[in-house]
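If you want this note's numbering, it's the 1-based position in the sequence shown plus 10.
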Amino acid sequence: MRKSPVELARKASETIDFSDEKEVQKFVGFGFGTLGENYIGIRRWPEDQMMFYGSNSLTITPKGLLTPREHQYGLHVIYSGTPHHTRHLFGYWHINDVDEAYIRVPPTEPGGEATLVIVMRYPRPGERDMFAYYCENCLTLVQCYVYDSGNLDQGFIGVLQFEDHVVKTFNSDPALRTCKECGTVHPLAYRFWEPHNTPDEEEARSLW
Ligand SMILES: [Zn+2]
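Listed below in structure tokens is the structure:
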């Protein structure tokens with residue numbers, strides 16, 4: 011639920027103590043907790059896995075397909091309206107009406123886990139999340155499913171339920187996955203969370 015400006019002003023500020031594992035757990039996995047007017051997600055991965063997802067992270071820009079990140083650690087922001095997809099991590103292109111900030115922090119000890127912090131403002135009325143599919147051959151938009159996140163105000167659980175709906179719908183009919191320009195059939199969609207996918211959907215994760 012969206013917090014009112016008055017409620018936020020009364021609190022003035024909030025913090026997450028990274029040394030408090032119980033506190034951190036509210037933001038890990040594929041989940042997002044809220045802090046003030048923001049969604050916060052914390053991901054901890056071994057360094058090689060962090061690098062793997064970084065190098066498989068893609069955006070669609072006026073210059074074509076680009077990997078948005080030049081440095082292994084640091085901050086990058088994917089601007090609102092930019093389609094982005096991380097290969098092998100989630101099976102759709104996400105388009106957000108708000109910016110998404112990604113902060114990557116190296117492990118604090120050799121062999122330890124690297125930390126990724128994702129920050130994005132909670133959607134206001136009229137701001138949406140879109141789940142899109144682009145032809146893998148010619149980059150034509152194949153499908154786009156729009157979730158009215160700002161008006162529905164159901165928190166991240168609403169986004170997850172919509173992800174499930176999108177994956178089921180897109181995978182239900184090959185005609186929905188076929189490019190109208192060149193006829194290429196898009197691989198199956200898959201959810202971020204492995205246990206919720208069928209074996210066929212999970213196999214698609216290795217493809218794109
Ligand atoms: Zn095509």
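Built from N, CA and C at the ideal position, the CB exists for glycine as well.
Locate the alpha helix (DSSP H) running through residue i, then write down its first and last residues.
i, result
"A19", "P15 to K21"
"E24", "No alpha helix (DSSP H) holds E24; DSSP gives it neither H nor E."
"A214", "P209 to R215"
For the beta strand (DSSP E) that contains residue i, what are its first and last residues?
i, result
"Y49", "N48 to P56"
"D30", "No beta strand (DSSP E) holds D30; DSSP gives it neither H nor E."
"T44", "G43 to L45"
"A124", "E123 to R131"
"E204", "Careful: E204 lies outside any beta strand (DSSP E) and carries neither H nor E."
"V115", "E110 to V115"
"V87", "G84 to I88"
Classify residue i as helix, strand or coil using the three-state DSSP reduction.
i, result
"Y63", "helix"
"N161", "helix"
"H104", "strand"
"H95", "strand"
"F141", "strand"
"T118", "coil"
To the nearest angstrom, how far is it from the Cα of residue i to the Cα of residue j?
i, j, result
"Y89", "A111", "8 Å"
"N106", "E119", "34 Å"
"T194", "R215", "18 Å"
"G233", "E47", "This structure leaves residue 233 out entirely; the chain is present only between 11 and 218."
"A22", "G41", "24 Å"
"E33", "P72", "40 Å"
"S14", "T92", "28 Å"
"G122", "Q82", "15 Å"
"E57", "P117", "8 Å"
"H206", "H104", "19 Å"
"H95", "V176", "15 Å"
"E146", "T69", "13 Å"
"L18", "R12", "10 Å"
"G136", "W218", "31 Å"
"S159", "P209", "29 Å"
"Y132", "E24", "16 Å"
"F166", "S29", "25 Å"
"I113", "H86", "7 Å"
"K178", "R79", "31 Å"
Query raised in the report: Can we say the stretch 136–153 touches the stretch 190–209, given the rule of at least three CB pairs closer than 8 Å?
Result: The count of Cβ pairs closer than 8 Å, one atom from the stretch 136–153 and one from the stretch 190–209, reaches three, so the stretches are in contact.
Query raised in the report: Are there three or more Cβ pairs, one per stretch, closer than 8 Å when the stretch 96–109 is compared with the stretch 196–205?
Result: yes
Requested in this report: Count the C-beta pairs between the stretch 121–137 and the stretch 46–53 that are closer than 8 Å, then say yes if the count reaches three, no if not.
Outcome: yes
Query raised in the report: Would you call the stretch 134–148 and the stretch 169–187 touching, i.e. three or more CB-CB distances under 8 Å?
Result: Counting Cβ pairs under 8 Å, three or more are found: they touch.
**Report entry** Exercise answer, beta-carbon shell around ligand 1 heavy atoms below 6 Å
**Finding:** C145, N147, C148, T150, C189, E191, C192 and T194
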